[in-house]
Structures are given as C-alpha cells and as structure tokens.
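Below is one structure, written out as structure tokens, with a few remarks after it.
There are 2 protein chains.
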Amino acid sequence: MTSAPNALRRSESSRHATLDAAMALCAEHGYGRLTIEAIAARAGVSKKTIYRWWPSKGSVVLEAIYEMGRQTANFPDTGDLQADLHTQLSAVIRLLTPPYRSALTGVIAEALNDPDLAAELRESLIRPYIAQFEDRLRRAQEQGQLHPDADLTVALDLVYGPIYHRLAFHLGLPEPSYLDTLIEHALRALAPGGRQAPT
Amino acid sequence: MTSAPNALRRSESSRHATLDAAMALCAEHGYGRLTIEAIAARAGVSKKTIYRWWPSKGSVVLEAIYEMGRQTANFPDTGDLQADLHTQLSAVIRLLTPPYRSALTGVIAEALNDPDLAAELRESLIRPYIAQFEDRLRRAQEQGQLHPDADLTVALDLVYGPIYHRLAFHLGLPEPSYLDTLIEHALRALAPGGRQAPT
Chain A
50 MTSAPNALRR SESSRHATLD AAMALCAEHG YGRLTIEAIA ARAGVSKKTI YRWWPSKGSV
110 VLEAIYEMGR QTANFPDTGD LQADLHTQLS AVIRLLTPPY RSALTGVIAE ALNDPDLAAE
170 LRESLIRPYI AQFEDRLRRA QEQGQLHPDA DLTVALDLVY GPIYHRLAFH LGLPEPSYLD
230 TLIEHALRAL APGGRQAPT
Chain B
50 MTSAPNALRR SESSRHATLD AAMALCAEHG YGRLTIEAIA ARAGVSKKTI YRWWPSKGSV
110 VLEAIYEMGR QTANFPDTGD LQADLHTQLS AVIRLLTPPY RSALTGVIAE ALNDPDLAAE
170 LRESLIRPYI AQFEDRLRRA QEQGQLHPDA DLTVALDLVY GPIYHRLAFH LGLPEPSYLD
230 TLIEHALRAL APGGRQAPT
C-alpha cells in the first residue's frame, strides 16, 4: 500500500471543483469542445483523479447536471398542477438553453452515439425525474385535478415531448405563453371525458 | 479553363453513389464513425468531388435522408387522419431506427453541436415535412375530422414530440399500439370542445 487512504477517498471539494469546472467550461465553449484535460486544469485536480471517479466527460457532466437540477428543477406542489408543470418545464428549458452551450443538450447529443452514456443518462438522471413527475400527477389525481384514469406514461410523453421535438429540429424552445398553451393541451388530452363528441 | 465542363457538372450517378454509400456506411458502422473518406471510397468518387457538392458529411447524410424520405415518409391522405398520421409517424420511427445506426439520429445529434448543420436540417429537411403535415391537417379540418380552431403548431409538437422525447432519453420508440394511443390523445387535445367540463 503506497497510497494513504485519503488519496483513494473521493474528496468532496475535488468533486465539487470538477463538477463546477465542467459546467463552466460547457457554458463558455460548448460541450463539444470539453475535454477531461480542460476540466482537470480548471478544477485543479489531476486527470487521473477524474478518471478514477468518472469513466468519461459525459459522466462528469451528467453528475453536474444532476446536482444543478436538484437545486433548480424539482417538482413543486402548490396544489395547482398546471402551474407546477409550468415551473418545472421552465427549469428544464433553462437547462437546455442557450443552444450550443447547454451541458444537458451536449450530453443528449453524445448519448445518441454512445450506448453506455445513454444508459447512464436514462437511469441516473431521467428515471428519478420521471418518478417525481408520476408522484406529482398521482397527487393531482387524488386531488381531482387530473382524471383518475389518465395514463401517466402518455402524460410524460405529451408534456415533455414538445420540448425535445423543438430541440431536435431547432424550432425554438417554448416561450412562457406557448408553454402554457402546450400544457393546457396536454392536460386536456389526458381527460378521458374530453371526447370530441361526448355522449 | 483546364477542366472540361462535364468535370464541373454534378453527375447524377456520382451523386446517387455518394448518397447510397453514406446511408450504407451509417447502417453498418453508425453515423459517428462515418467519414468523407469512407464515403468517397465506397462510392468510387474522389473526396474532392464530394466536397465540391457538400460542405460536410452531415450535409451528405441530410440529402440522403431527404431522398429516402421522399420515397417512404410522405403524408398519405386516405381520408382517415388518425390512420394517416400513424402511417407517417411509423415511417419516421423507421428512419430513427435502429439506435446508434440511424442516419437521421446521427444528424440530429451532430446538429445539436453545429449551428450550420442545424439550420440545414431545419430548413432543408424538416420545414418541407412541416408544410406537408399542415396541409394534411387543413384537409382534415375541411373534412370535419379536426376542429376548425385546432392550433396546427401545437398539433405538430404534440404529435411528433413523444418520439423525440423518447429518443433523447432512450425510453424506447413507440410500438404500433402505443403510437395509436399517443395519436388518439394528441387529436383529443386539439379539439377545443374537448374540455373536461363541457358547458
């Protein structure tokens, strides 16, 4: 044993410095130009230290996004489902903005070519948000704000889909008033009573 | 003038060979590994020839997708809006499949880091499809299959959004029966009469 135990223990300050450096560099130069070398230099840690904890730059950035999202993108519960969805979706849109400088957009792009990063993106970042979303919608069902038979998988796709369709094709992420329009439509779709020709 | 006029004219056979080579190589190795050099070798044309006609590999692949889409992904009009959307969306899903080998997914990923390719993707590939989509929905409005006040921009986002949300986060592209469920919901959302509590 040539290393002291502390040298192998993940230090919180180095971890935070690494995550902060990754986010700052994405914001300055875009995810595409990010390298582990640049993150290490900015954070004042060695590349070896980074590779000990993360397998790739995508993995560093995913954890940084997760930490940022914990502070900014949780689901509120004010009792008003539409308002709460607007709040959370606005936070997601901020994470995806500005184009070509968003860490989240960079990870989404890279994961489309990288099955390992894709699995990490889905399991570590997205599944916890899906669980939060479903919890929030179940409470809305209990409170009578959402039909008890509403399909929560469809709900997720209809509520979040427009953002990623617009992101993929560079159609402009929704402004607040259009976001409201989209959420209204999605919630209307989820009401099985909302048939065109009710009997 | 050292070149014969023919040497500068874009030859249809070289063009087709280039587009076919790009699609074949994407399918075999994935867009990420595609190079202009490999396309040139497969197509039996020079790199110089390719660069004379296209600024980047993304641009070659976009044109190849456009050509493929013209044969497979147009909007039918059988008079049944839901069935026609299902047909067209199924074609889009095929273009996005399989994961990590789809040329369209590769271009979407690269365009998220490349403003020039993003503009070309939107203007050359996507805008024509949006125009087709809106034409089809206007005919449905004329035929009484869709409410005359339905917002066609919202329609586009709700109908196509789920595919790109699921693509971005590797949640699995919709199977036929789930695709039907999604289209039903989106069409229900577009009926302004479909309020939860009609008066």
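Chains as they are written, first to last, in the working numbering: chain A, 50 to 248; chain B, 50 to 248.
Note that the Cβ used here is the ideal one computed from N, Cα and C, for glycine as well.
If I'm right that residue i touches residue j with Cβ under 8 Å, what's the distance once you round it to whole angstroms?
i, j, result
"Leu166(B)", "Gly79(B)", "At roughly 17 Å, the Cβ-Cβ gap does not stay under 8 Å, so Leu166(B) and Gly79(B) are not in contact."
"His234(B)", "Val203(A)", "5 Å"
"Ile88(B)", "Ala71(B)", "5 Å"
"Val110(A)", "Ala152(A)", "5 Å"
"Asn162(A)", "Gly81(B)", "4 Å"
"Glu183(B)", "Leu201(B)", "5 Å"
"Leu83(B)", "Leu74(B)", "5 Å"
"Lys96(B)", "Glu86(B)", "6 Å"
"Ala199(A)", "Gln190(A)", "7 Å"
"Phe124(B)", "Arg185(B)", "5 Å"
"Asp126(A)", "Arg187(A)", "Their Cβ separation, rounded to whole angstroms, is 11 Å, which puts Asp126(A) and Arg187(A) out of contact at 8 Å."
"Ser105(A)", "Leu228(A)", "Wrong, their Cβ atoms sit about 33 Å apart, outside the cutoff."
What in chain A is Cβ-close to residue i, meaning under 7 Å?
i, result
"Phe218(B)", "Leu170, Arg171 and Ile175"
"His135(B)", "Here the premise fails: no neighbours, minimum Cβ distance about 15 Å."
"Val203(B)", "Thr230, Leu231 and His234"
"Ala158(B)", "Ala158, Leu161 and Asn162"
Hey, residue i and residue j: beta-carbon distance below 8 Å or not?
i, j, result
"Gly205(A)", "Leu145(A)", "According to the sequence shown, residue 205(A) is Leu rather than Gly. Result no, Cβ atoms of Leu205(A) and Leu145(A) do not sit closer than 8 Å."
"Tyr213(B)", "His214(A)", "yes"
"Leu134(B)", "Val208(B)", "yes"
"Ala238(A)", "Arg64(B)", "no"
"Pro164(B)", "Tyr100(A)", "no"
"Gln192(A)", "Gly93(A)", "no"
"Ser137(A)", "Ala113(A)", "The identity of residue 137(A) in the sequence shown is Gln, whereas the question assumes Ser. Cβ atoms of Gln137(A) and Ala113(A): not closer than 8 Å."
"Ala160(A)", "Leu170(A)", "yes"
"Gly210(A)", "Pro147(B)", "no"
"Leu231(A)", "Pro225(A)", "no"
"His196(B)", "Ala132(B)", "no"
Listing by chain order, which chain B residues have their CB less than 9 Å from the CB of residue i?
i, result
"Asp165(A)", "Those do not exist, as Asp165(A) stays about 11 Å from chain B at its closest Cβ, beyond 9 Å."
"Arg215(A)", "Asp206, Gly210 and Tyr213"
Note down, in chain order, every chain E residue with its Cβ under 8 Å from the Cβ of residue i.
i, result
"Leu207(A)", "Structure shown: chain E not included; protein chains present are A and B."
Just the chain B side, please: which residues come within less than 8 Å of residue i by C-beta, in chain order?
i, result
"His65(A)", "Correct list: empty, because the minimum Cβ distance to chain B is about 26 Å."
"Gly79(A)", "Asn162"
Closer than 9 Å by beta-carbon distance: list the chain A residues that pair up with residue i, in chain order.
i, result
"Tyr249(B)", "The structure shown has nothing for residue 249(B), since chain B only spans 50 to 248."
Could you list which residues in chain A have their beta carbon closer than 8 Å to that of residue i, in chain order?
i, result
"Ala266(B)", "Only positions 50 to 248 of chain B appear in this structure, which leaves residue 266(B) out of reach."
"Thr154(B)", "Leu161"
Secondary structure, alpha helix (DSSP H): runs of 4+ residues fully inside the region 160 to 234 of chain B:
As far as the region 160 to 234 of chain B is concerned, its whole alpha helix (DSSP H) runs of at least 4 residues are 164 to 169, 176 to 191 and 201 to 218.
Within the region 78 to 122 of chain A, ranges of the alpha helix (DSSP H) (whole runs, at least 4 residues):
Listed in chain order, they are 85 to 92, 96 to 102 and 106 to 121.
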